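Visitor: The working numbering applies: residue 690 is where the sequence shown begins, and numbers increase by one.
Just so you know, even glycine gets a beta-carbon here, dropped at the ideal spot from N, CA and C.
No experiment lies behind these values; they were computed from the predicted model shown.
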Amino acid sequence: MFQRLQIFFNSWRFPITLLFSLFFFTIFLGILLIIPPANTPFASFAEDFKVWCLRYDPATGKMQWGYVISLISQPFLLGFIVYFVWSQQLKTVFKSHLGKTLPYILGSLFLSTMLIATLGMISDRDSAIQNKGAVLPFPAEKLRTHFFAPQFLLQNQFNNPTSLEDYRGKVILITAIYAECGSTCPRIISQIRETLSQLSEAERNELRILGITLNPEHDSPNVLRALAKAHQLPTPEVQLLTGDPLYVNQILDKFGFSRSRDPETGLITHANLFILIDRSGQIAFRFTLGERQQKWLLSAIRLLIHETLKPQTKA
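#1: Do three or more CB pairs link the region 982–990 to the region 957–966 at distances below 8 Å?
#2: Taking the continuous alpha helix (DSSP H) assigned at T781, which residues delimit it?
#3: Alpha carbon to alpha carbon, how far is I940 from F946? Give it in angstroms, no decimals.
#4: Under the rule that 16 or more other beta-carbon atoms within 10 Å means buried, what is R893, buried or exposed?
#5: Using the three-state DSSP reduction, which class does I758 fall into: helix, strand or coil?
#6: When you compare the CB positions of P704 and Q763, do they come within less than 9 Å of one another, or not?
#7: For H907 and E883, which I take to be in contact (beta-carbon distance under 8 Å), what is that distance rounded to the nearest angstrom?
#8: Evaluate contact between the region 845–860 and the region 906–925, counting only Cβ atoms and requiring at least three cross-stretch pairs below 8 Å.
#9: So, R968 versus G900, is the Cβ gap smaller than 9 Å?
#10: With DSSP as the reference, label L962 as helix, strand or coil.
#11: So what's T873 in DSSP terms, helix, strand or just coil?
#12: How many Å lie between Q916 and P923 at the Cα?
#13: Run through DSSP, which three-state label would T931 get?
#14: Quickly, what does DSSP pair T864 with across the bridge? List them, please.
#15: Give the range of the beta strand (DSSP E) segment to which L843 is assigned.
#16: Measuring alpha carbon to alpha carbon, tell me which residue in I861, I878, Q887 and T954 is nearest Q921.
#17: With H, G and I counted as helix, E and B as strand and the rest as coil, what does DSSP make of A973?
#18: Between E854, K784 and R948, which has its C-alpha nearest L903's C-alpha?
#19: Between the region 772–789 and the region 711–722, do three or more beta carbon pairs fall short of 8 Å?
#20: Would you kindly work out how many angstroms separate the C-alpha atoms of T958 and I866, rounded to a whole number?
#21: Hey, would you say F974 sits closer than 9 Å to L987, going by beta carbons?
#22: What did DSSP end up calling T1058 once you bin it into helix, strand or coil?
#23: Mapping the DSSP letters down to three states, classify G822 as helix, strand or coil.
#24: Given L721, which residues of its chain have a CB within under 6 Å of its CB, disregarding the five upstream and five downstream residues?
#25: Please report the residue range of the alpha helix (DSSP H) in which R893 lies.
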């Protein structure tokens, strides 16, 4: 056995196996980066991987590209080193014994496939645990941010001026919806109502939810008042905001609500984003739709509510 291992590591077999393992690993990373969100074990694993390893923000779809470049460049760098060290053996086998490399290439593929299958089963197990009521721990410190929210002055559904300063000292949840949205906006509103229903009266008194319209050209205070009534959104906890279209769009841009309008249908595709602002006026957390995100949102709200307001100064 020792002699076989010695032959394996001292011949072209080891660098071939390592090179193609790196190749399949890089392909696997590429799949993780491009796979869209979905309610499947592998998609859940891909999202978790990007959150923990690439600082991915599920709410906006953005990630830290410095981490991405670093992660992808490492297999290439290691592959270059392998080729440099074993270049003579590799040139010989590729030139004269190419057919002999096939079992080792297939072995690399098998190992990569087993790794993917194992990760998928782990993710599936975590999903099953979560469906039974267990919640993955809320990574508060890892997700916490500390930068001041942009200020604004808009009109609520009762045509009253409303600003962030009106609620300074409270926890503020900001989202973006519009009245004619029939796809994700009802889910956003449903998540808001579900979150409020799980808070005590004392906790609700410390929270204000501001929904900025994505369609200020259409959503007047009267339209937003009808929207709030149709979905039974409570006041004063929930305020729906509108204003001058140019100004509203500037505010949406500052908060990172990406969106695009279909010129034919007028429908707006947008980020499903929940932004939590702490008592000092700093953006603390970002969340999106989904069962896990909703539970984390509730945990984050309670965390911020029970924080003591500390004097803060802008840098």
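Guide: Reading off the structure:
#1: The region 982–990 is in contact with the region 957–966.
#2: Residues S776 to S785.
#3: Going from the Cα of F946 to the Cα of I940 covers about 9 Å.
#4: Buried, since its Cβ has 16 or more Cβ neighbours within 10 Å.
#5: Helix at I758.
#6: Inclusion of P704 and Q763 in the CB contact set at 9 Å is not warranted, their separation being larger than that value.
#7: Not a contact, Cβ separation roughly 27 Å.
#8: Result yes; three or more Cβ-Cβ pairs closer than 8 Å.
#9: In this structure, the beta-carbon distance from R968 to G900 does not fall below 9 Å.
#10: Collapsing the DSSP output to three states places L962 in coil.
#11: Looking at T873 - three-state DSSP - the assignment turns out to be coil, as it is neither helix nor strand.
#12: Position check: residue 916 holds Leu in this sequence, whereas Gln was assumed. Roughly 12 Å between the two C-alpha positions.
#13: Assignment of T931 by DSSP, reduced to helix, strand and coil, places it in the strand class.
#14: G900, per the DSSP bridge assignment.
#15: Counting along the chain, the beta strand (DSSP E) containing L843 begins and ends at L842 to Q844.
#16: It is I878 whose Cα lies nearest to the Cα of Q921.
#17: Assignment of A973 by DSSP, reduced to helix, strand and coil, places it in the strand class.
#18: Cα-wise, what sits closest to L903 is R948.
#19: Contact between the region 772–789 and the region 711–722 is absent, because fewer than three Cβ pairs lie under 8 Å.
#20: Computed Cα separation, rounded: 10 Å.
#21: Judged by their CB atoms, F974 and L987 are not nearer to each other than the 9 Å cut-off.
#22: For the chain, the structure presents residues 690 to 1004; residue 1058 sits outside this window and is missing.
#23: Reliability fails at G822, whose pLDDT of 47 lies under 50, so the model's placement of it is uncertain and the value that follows must be treated cautiously. If DSSP states are grouped into helix, strand and coil, G822 belongs with coil.
#24: Sequence-distant partners of L721 (beyond 5 residues in either direction) whose C-beta falls short of 6 Å from its own C-beta, in its chain, are A735 and F738.
#25: Element bounds for R893: E890 to N894.
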